[in-house]
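J.: Following the UniProt record's numbering, the numbering of the sequence shown begins with 1 at its first residue and continues without gaps.
Ideal placement from N, C-alpha and C gives every residue a C-beta, glycine not left out.
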Amino acid sequence: MTIPKSVPQNLPPLIVHIIYRLGIGGLENGLINLVNRLPADRYRHAIICLTESTDFSQRIQRQDVVVFEIHKQPGQDWHSFIKVYQLLKQLKPAIVHTRNLAALEYQLCALLAGVPYRLQGEHGWDVFDPDGNNRKYQWLRRILGLTIHRFIPLSHQLQDYLQIKVGIPARKISRICNGVDTQIFYPRSETRQSPHNCPLDLHNKLVIGTVGRMHGVKDQLTLVKAFIAACQQSQSFADRACLFLIGDGPLRAQAIELLDQNGLADKAWLPGERNDIAQILRCLDVFVLPSKAEGISNTILEAMATGLPVIATNVGGNPELVLHAQTGYLVEKENPPALAAALLELITDDQKRHQFAQAAFMRAQQEFSIDNMVARYQTVYDRH
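(1) Work out the CA separation of A312 and D260 for me, nearest whole Å.
(2) Who are the Cβ neighbours of L245 in its own chain at under 8 Å, not counting the five residues just before and after it?
(3) Spatial neighbours of S80 within its chain, please: C-beta separation below 6 Å, excluding the five flanking residues on both sides.
(4) For I280, which of helix, strand or coil comes out of DSSP?
(5) Could you check where the beta strand (DSSP E) with Q157 kicks off and where it finishes?
(6) Look at the alpha carbon of P39 and the alpha carbon of N29, and state the distance between them as a whole number of angstroms.
(7) Quick check on G328: buried or exposed, where buried means 16 or more other Cβ atoms within 10 Å of its Cβ?
(8) Can the beta-carbon of S155 be found less than 9 Å from the beta-carbon of G26?
(9) Just the Cα atoms here: how many angstroms apart are I95 and L101?
(10) Could you check the C-alpha separation between W78 and L88 for me, to the nearest Å?
(11) Among E257, I18, G121, D276, whose alpha-carbon lies nearest the alpha-carbon of I173?
(12) Could you check how far apart the C-beta atoms of P93 and A226 are, in whole angstroms? I think they sit under 8 Å.
(13) Which class does P336 belong to by DSSP, given the choice of helix, strand or coil?
(14) Looking only at C-alpha atoms, which of R59, I18, N10 sits nearest to D41?
(15) Taking only three categories from DSSP, how would you classify D129?
(16) Whose CA, out of Y161, W139, Q366, lies closest to the CA of A305?
(17) Inspect the CB distances between the region 42-59 and the region 318-325 and report whether three or more fall short of 8 Å.
(18) Can you give me the C-alpha to C-alpha distance between N178 and C198, rounded to a whole angstrom?
(19) Report yes if the CB atom of R59 is closer than 9 Å to the CB atom of I370, and no otherwise.
(20) Q233 and A340 look like a contact to me (Cβ under 8 Å); what is the Cβ gap, rounded to whole Å?
(21) Ends of the beta strand (DSSP E) at G121?
(22) Check whether the Cβ of A342 lies closer than 9 Å to any Cβ atom in chain B.
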């Protein structure tokens, strides 16, 4: 990618966003929403992907956004720090905004490159530290926090973590919850449109589904086990329910094997990674997020805006989104029996399912506006 040799003085200030990878995910979706919606006459944007970018970058609507790929090697790749430093020296951004632990160390590059305003976003726990208890990572945030002007956690839990466990002063923290784009995510009409290439007959069925990378912390296997248990406990449930697991990763093959072993492969669809998430959500009747850890989940917000009741684990920012027994249910993590009971409740009780769905939709509309999210980020950026 060619970098402009000089920047006209009359252009808006540049924000460089540093992330691990630009692919399908809540963090990445939130970033693209922000880039698309911040006023073009106020800020320009560039995105540095420490590893790579994917077709997900096509969701960027602005033509002036440049995406760089560093192709960082696994482990401590010192050459990647040199690349990022050189990029920042040439781009001369007014702001660098890193996100999550994977990008945090590259704040050193921003400091050495003389970037005047440096931000760190905390979007959720990492796979290798799902509860935030790793003392090494706490100290890393604390030390680098001395060079960072502002932290942006998405949830109250992450805010408390930064203040209490890490020791970041409250004056350096601005909590900003995610927002959902209701122009893209909205309830289906009366007729369900089956997703492209879905082999299941959805006529007279109720579809339970989840969306997310299929790896450890997302714990889709707990949902699979709960679905199997509910099918075994209730013939009515088994007759009516189907399961969608959207996403790719190491748990996908395990989930397929588990469903095969229990004779339920014909009731489930595991298509891997998809780019038609909004349409798929409109095919669901119940959304489930079985994660072991979460920040503020974009997929929960998207499901709520689609008019779906949500069953989520009682972790991270999930209780800030899902109102228990009002818009859905909160269950303990890694507890298939509890999740199975919640599934049985919503699949067999049509009135409750519709009641929760309407309440979830109204909550998404009233409390989680994407315009409010963008305005709050702009307020933070305007401090540069």
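T.: In brief:
(1) Reading the sequence shown from its first residue, position 260 is the one you call residue 260. Reading the sequence shown from its first residue, position 312 is the one you call residue 312. So the two alpha carbons sit approximately 25 Å from each other.
(2) The sequence position of residue 245 within the sequence shown is 245, counting from 1. Answer for L245: G209, T210, M214, Q220, L223, V224, R252, A255, A268, W269, L270, listed in chain order.
(3) Within the sequence shown, residue 80 is the residue found at index 80, counting from 1. For S80, the CB contacts under 6 Å within the same chain, skipping 5 residues up- and downstream, are I70, K72 in chain order.
(4) As a first step, residue 280 is located in the sequence shown; it is residue number 280 there, counting from the start. Note: I280 maps to helix in three-state DSSP.
(5) Counting from 1 along the sequence shown, the entry for residue 157 is found at position 157. First-last for Q157: 156-160, but that is the alpha helix (DSSP H), not the beta strand (DSSP E).
(6) Mapped onto the sequence shown, residue 39 falls at position 39. Mapped onto the sequence shown, residue 29 falls at position 29. Cα to Cα, P39 sits roughly 18 Å from N29.
(7) The residue labelled residue 328 in the question sits at position 328 within the sequence shown. Result: buried.
(8) The residue you call residue 155 lines up with position 155 of the sequence shown. The residue you call residue 26 lines up with position 26 of the sequence shown. Taking 9 Å as the Cβ cut-off, S155 and G26 do not qualify as a contacting pair.
(9) As a first step, residue 95 is located in the sequence shown; it is residue number 95 there, counting from the start. As a first step, residue 101 is located in the sequence shown; it is residue number 101 there, counting from the start. Those two C-alpha atoms are separated by around 18 Å.
(10) By 1-based counting over the sequence shown, the position of residue 78 is 78. By 1-based counting over the sequence shown, the position of residue 88 is 88. Their Cα atoms are separated by approximately 16 Å.
(11) The sequence position of residue 173 within the sequence shown is 173, counting from 1. Nearest option by C-alpha distance: G121.
(12) In the sequence shown, residue 93 corresponds to position 93, counting from 1. In the sequence shown, residue 226 corresponds to position 226, counting from 1. Contact flag wrong, Cβ pair sits at about 46 Å.
(13) The sequence position of residue 336 within the sequence shown is 336, counting from 1. Helix.
(14) The sequence position of residue 41 within the sequence shown is 41, counting from 1. Ranking R59, I18, N10 by Cα distance to D41 puts N10 first.
(15) Mapped onto the sequence shown, residue 129 falls at position 129. D129 falls in the strand class under three-state DSSP.
(16) Here the question's residue 305 lines up with position 305 in the sequence shown. Cα-wise, what sits closest to A305 is Q366.
(17) No contact exists between the region 42-59 and the region 318-325.
(18) Working through the sequence shown from its first residue, we reach residue 178 at position 178. Working through the sequence shown from its first residue, we reach residue 198 at position 198. A direct Cα-Cα distance of roughly 30 Å separates N178 from C198.
(19) Taking the first residue of the sequence shown as position 1, residue 59 is located at position 59. Taking the first residue of the sequence shown as position 1, residue 370 is located at position 370. Going by C-beta atoms, R59 is not nearer than 9 Å to I370.
(20) For the purposes of this step, residue 233 is taken as the residue at position 233 of the sequence shown. For the purposes of this step, residue 340 is taken as the residue at position 340 of the sequence shown. Yes, Q233 and A340 are in contact; Cβ-Cβ is about 7 Å, under 8 Å.
(21) Position 121 of the sequence shown, counting from 1, holds the residue named residue 121. Note, G121: beta strand (DSSP E), 117-122.
(22) The structure shown contains no chain B; it is built from a single protein chain.
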